[in-house]
Amino acid sequence: MNFGPLPSVDAAAVPSEGFVLDVREDDEWAAGHVEGALHIPMSEFVSRFGEFTEAVEDGRRVHVMCRVGGRSAQVTQYLVRQGVDAVNIDGGMQAWDGAGRPMVTDDGTPAFVL
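Quick note, the sequence shown lines up with residues 388 to 501 if you use my numbering.
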């Protein structure tokens, strides 16, 4: 089923206060992530959907992130079908890093894209 082009946004265009949903796995998240992002690995997304809906109950736009944009595209498509205002971050964390956007780690070590 195709619902038209997938809504997507350039990594450089994500607002600094924008809501980011990171669907990468735990080891990727640990290497480096967007500060304040919600981390729910794609493999756990359906079972943890309630956690996600609580975080976005205000109806704000969701910027979905993975490493290069493939997994996040699938999650974005799922969210759009649920009526969520979701956009895929083109190029994922690699594009985020390439655009010079800030990344953090939970333990304070230098962040990188795994």
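Cβ coordinates follow ideal geometry from the N, Cα and C atoms, glycine included.
Since this is a predicted model, take the numbers as computed values, not measurements.
6 Å CB neighbourhood of residue i in its chain, flanking five on each side removed
i      : result
PRO394 : VAL474
CYS453 : VAL410, ARG411, SER459 and GLY479
PHE483 : It should be noted that the sequence gives Trp, not Phe, for residue 483. Excluding positions up to five away in sequence, the list reads ALA398.
VAL336 : Examination of residue 336 is not possible in this model, given that the chain is present from 388 through 501 alone.
Sequence-distant residues of its chain with Cβ nearer than 8 Å to residue i (five each side left out)
i      : result
SER430 : GLU412
ILE427 : LEU408, ASP409, VAL410, ARG435, GLU438 and PHE439
ASP477 : SER395, VAL396, ASP397, ALA398 and GLY456
Buried versus exposed, by CB contacts within 10 Å (16 or more), residue i
i      : result
ASN389 : With a pLDDT of 48 at ASN389, under the threshold of 50, the modelled position of this residue cannot be trusted, and the question is left open.
GLU415 : buried
GLY495 : exposed
Close-in-space but distant-in-sequence residues of the same chain around residue i (CB under 7 Å, 5 per side omitted)
i      : result
PRO489 : GLU422
Sheet register partners of residue i (DSSP bridge)
i      : result
ALA418 : DSSP, once it has assigned bridges, lists no residue as partnering ALA418.
SER395 : ASN475
MET429 : None, per the DSSP bridge assignment.
Whole-number beta carbon distance between residue j and residue i, since they are thought to touch under 8 Å
i      : j      : result
ARG447 : PHE406 : 5 Å
THR492 : ALA417 : 7 Å
VAL471 : VAL443 : 7 Å
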